[in-house]
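Reviewing the structure listed below.
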Amino acid sequence: MPKIRKEDIIRDHLKQDIEFIEEGLNLIEDEYHLKNPDGASGFVDLFAHDDKNNLVIIELKRSDAASREAITELSKYAALIRRAKNVKNSEIRLVVISTEWHELLVPFSEFYHATNYQLEGYLLDVDENLKPIDIRPVQPLLQIDGRNICRRHFVRYYKSDLDLENAEKAIVEKAEELGIYDFILAKFRLNFKNEFYGATRVLYWAQQLKTREFYESKLTEVLEKESLEEIMSWIEELDEDDALDELADRLGDEIQVENETCEIGYPEKLIQRLNDGLWTLYDISRYGVFKEDERLTDELLMNDLKGLTGTSFVYYFASTRTENRSKVEEIIESLDNSLFYNDTWRHYIRDIIDYCRQKTAATITVSIFNKDDLLETIWGASVDDIRRWEPSFYVIVDSDTDNPLEIFEGKLVWNQIDFEVDQVINDVFREFKNYLIIRHFGEQRALDHQIMSQMGFSYEVNYILFGTESTIEKKNIKIRGKQVVESGTYDKLRFSEFVEAEHSKVLEIANKFNSHHYGEGGLFNVK
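Heads up, the sequence shown is in the working numbering, so the first residue is 167 and it goes up one at a time.
Below you can see the structure in the form of structure tokens.
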């Protein structure tokens, strides 16, 4: 006689009283057979519908060993139900019930955050006869974002390698005392010697971003009541991301070690230091989770520090396969920082990615440079290589088949309208000095669209298709499903053409920056 499984006994009790799980449930069938013409079929423990007529797939697990199979089976059953009954994802609910959640909670939580089905978990209590006596919802673990370096870094300067090594030991010790174990320390050589500080080395601290609860708990331990109330009051008006950065920054301030001088770092500043040739990386020390991941080369970590993976407000770079849906979704979510105020390009790139998803096999590469600061862009183009300052994005689509290479190009263009520089600045900032003040806090980005509008600038997207026999170019395009449509020709100049055509206006803007000694002074004034 075959042995009766404990799950079967529990199932038989629940099918007699399906509303023990949830009021309004109606049992369709227990051990519901799902046929699969393409592979292994399956049996749903309890198949029901709720009072909103959604189909409910209920999977029962009794032991930890069996629990590990639950998520795989739920995923398979949902796909089979969707195909067999031609229902929408929104019309399917998945429920896993178990008396043991020790092994199940982690895979359940991962599936909860990854799936677009409504997923619920319940802890079931049973008596000695395996009759259910209580049922309680299980909350998934908080979503783990993976490697997520805080965009606020801390930069310390030293005269010698020995000074830097001693500081690193002190930082590690103090960080661990504070409960901070996951961080990196990048080491750079200064390619000049500052006469005032005598610094020749840089020790660059960046930490893995934790939860708000973590930082509030740690700050409560180390701060006086008045200081804690001050920081908590300060972050009340901030959005969640900025508040988290402030809390992480404040806890990091508790790591006090000797240095020649120090400053706050952030991705855009780091890129500028490297591009200007002021720093050269020579080593990165890894701690905590950064040490455990063998894949993390110096190059990958530097991309994180530069914010190229999504934390920078100016730069972004990513490449993935169309089949890698998780990475594609990550790219879409990451656009919000570098294109926060650039609605035009943000919407375009999302449309382009949707267009790319329809390709069976292709590599997508996304590259963005967007400062949201037209005045500084014009000044920079007047004193430096214009390619370092001109806003742009590229989405390159390289199919595995014989299909042509496709390039989507975002550019800043000028509508050739006349404007007065002083009038524009006065209308938006009242005077140029006010622009410089709010720029210090990054608030000029929110006003850049006003500057662009009054000066006649706008964003557009162009398209180039490199075929085997010909090249097709389309300007000012729109995405219509699988089609790339040209919106029509127009009389606009590219930004580089504006700089050449309107030299007097460019010079007028540049003089305003130069008269305020823009970019001079401080530790990094290299002549």
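Glycine residues also receive a C-beta, built at the ideal position from the N, C-alpha and C atoms.
Selected residue, minimal CA-CA separation from residue i, among the options
| i | options | result |
| --- | --- | --- |
| asparagine 220 | Lys227, Asn252 and Ile350 | Asn252 |
| histidine 268 | Val304, Leu540 and Asn282 | Val304 |
| glycine 443 | Ser565, Lys435 and Glu379 | Lys435 |
| asparagine 581 | Tyr656, His682 and Leu440 | Tyr656 |
| asparagine 677 | Trp545, Ile603, Arg611 and Ser636 | Trp545 |
| aspartate 564 | Leu602, Ile630 and Lys599 | Ile630 |
| leucine 658 | Leu501, Lys493, Val579 and Ala352 | It is worth fixing the name first, because residue 658 is lysine in this sequence and not leucine. Nearest of Leu501, Lys493, Val579 and Ala352 to lysine 658, Cα basis: Val579. |
| glutamate 173 | Glu266, Leu501, Gly190 and Ala341 | Glu266 |
| leucine 180 | Ala214, Leu540, His199 and Gly208 | Ala214 |
| leucine 440 | Asp593, Glu495 and Ala352 | Ala352 |
| arginine 605 | Glu331, Ala341 and Lys537 | Lys537 |
| isoleucine 591 | Gly431, Lys218, Ile617 and Glu575 | Ile617 |
| phenylalanine 506 | Asp300, Ser492 and Tyr482 | Tyr482 |
| aspartate 551 | Ser326, Leu330, Phe661 and Glu257 | Phe661 |
| leucine 673 | Phe632, Val627, Asp588 and Leu613 | Asp588 |
| arginine 378 | Ala341, Ile430, Cys316 and Arg322 | Cys316 |
| arginine 523 | Leu541, Thr543, Ile498 and Ser504 | Ile498 |
| glutamate 331 | Glu635, Tyr370 and Asp459 | Tyr370 |
| phenylalanine 212 | Glu195, Glu339, Leu571 and Arg516 | Going by the sequence as given, residue 212 is leucine instead of phenylalanine. Of Glu195, Glu339, Leu571 and Arg516, the residue nearest in Cα terms is Glu195. |
| aspartate 216 | Leu260, Arg248, Ala244 and Leu200 | Leu260 |
| phenylalanine 166 | Phe679, Gly418, Glu225 and Phe186 | Beyond the ends of the chain as shown, which are 167 and 693, falls residue 166; an answer cannot be given. |
| glutamate 396 | Phe632, Lys325, His319 and Glu382 | Glu382 |
| glutamate 197 | Arg177, Ala336, Leu191 and Thr281 | Arg177 |
| glutamate 420 | Asn357, Leu447, Leu246 and Ala341 | Ala341 |
| phenylalanine 354 | Lys335, Glu339 and Tyr324 | Tyr324 |
| proline 433 | Leu467, Glu225 and Glu458 | Leu467 |
| aspartate 300 | Val368, Glu185, Ile237 and Gly208 | Glu185 |
| arginine 512 | Asp464, Leu471, Val549 and Gly576 | Gly576 |
Residue i, DSSP secondary structure in three states
| i | result |
| --- | --- |
| proline 433 | helix |
| histidine 215 | strand |
| threonine 386 | helix |
| threonine 529 | strand |
| proline 570 | coil |
| glycine 190 | coil |
| proline 273 | helix |
| alanine 676 | helix |
| alanine 232 | With a pLDDT of 49 at alanine 232, under the threshold of 50, the modelled position of this residue cannot be trusted; read the value that follows with caution. Residue state, collapsed to three classes: helix. |
| aspartate 405 | coil |
| serine 681 | helix |
| isoleucine 515 | helix |
| phenylalanine 380 | helix |
| serine 264 | strand |
| arginine 177 | helix |
| glycine 345 | coil |
| glutamate 257 | helix |
| valine 304 | coil |
| glycine 546 | helix |
| lysine 577 | strand |
| aspartate 291 | strand |
| glutamine 284 | strand |
| serine 500 | helix |
| leucine 356 | strand |
| alanine 365 | coil |
| tryptophan 555 | coil |
| arginine 249 | helix |
| arginine 523 | helix |
| leucine 394 | helix |
| lysine 172 | helix |
| lysine 227 | strand |
| serine 241 | helix |
| tyrosine 278 | helix |
Nearest-angstrom beta carbon gap, residue j and residue i [assumed within contact, 8 Å]
| i | j | result |
| --- | --- | --- |
| valine 262 | leucine 240 | 6 Å |
| threonine 475 | asparagine 469 | 6 Å |
| lysine 227 | leucine 270 | 7 Å |
| phenylalanine 585 | glycine 622 | 6 Å |
| valine 272 | leucine 307 | 7 Å |
| threonine 510 | tyrosine 625 | 4 Å |
Beta carbon proximity, residue i to chain D, threshold 8 Å
| i | result |
| --- | --- |
| glutamate 460 | In the structure shown, chain D does not exist; there is a single protein chain. |
Take every Cβ of the stretch 369 to 389, pair it with every Cβ of the stretch 344 to 352, and state whether three or more of those distances are shorter than 8 Å.
The stretch 369 to 389 is in contact with the stretch 344 to 352.
Should the stretch 513 to 529 be regarded as contacting the stretch 486 to 501, the criterion being three or more beta carbon pairs within less than 8 Å?
Enough Cβ pairs lie closer than 8 Å, so yes.
Do the stretch 448 to 458 and the stretch 399 to 413 make contact, defined as three or more Cβ pairs closer than 8 Å?
Result no; under three Cβ-Cβ pairs closer than 8 Å.
Which runs of the beta strand (DSSP E) fall wholly inside the stretch 416 to 489 and span at least 3 residues, in chain order?
Every beta strand (DSSP E) of 3 residues or more that sits fully in the stretch 416 to 489 is shown, in chain order, as 427 to 431, 445 to 453 and 481 to 487.
Quick one: complete alpha helix (DSSP H) runs, 4+ long, within the stretch 583 to 666?
You should have 587 to 595, 598 to 606 and 614 to 621.
If we count Cβ pairs, one from each stretch, closer than 8 Å, do we get three or more for the stretch 425 to 439 versus the stretch 364 to 371?
The stretch 425 to 439, when compared against the stretch 364 to 371, does touch it at the 8 Å Cβ threshold.
Is there contact between the stretch 347 to 356 and the stretch 368 to 375, where contact requires at least three CB pairs shorter than 8 Å?
Output reads yes: the stretch 368 to 375 touches the stretch 347 to 356.
contact_flag[the stretch 643 to 656, the stretch 555 to 562] where n(CB pairs < 8 Å) is 3 or more:
No contact exists between the stretch 643 to 656 and the stretch 555 to 562.
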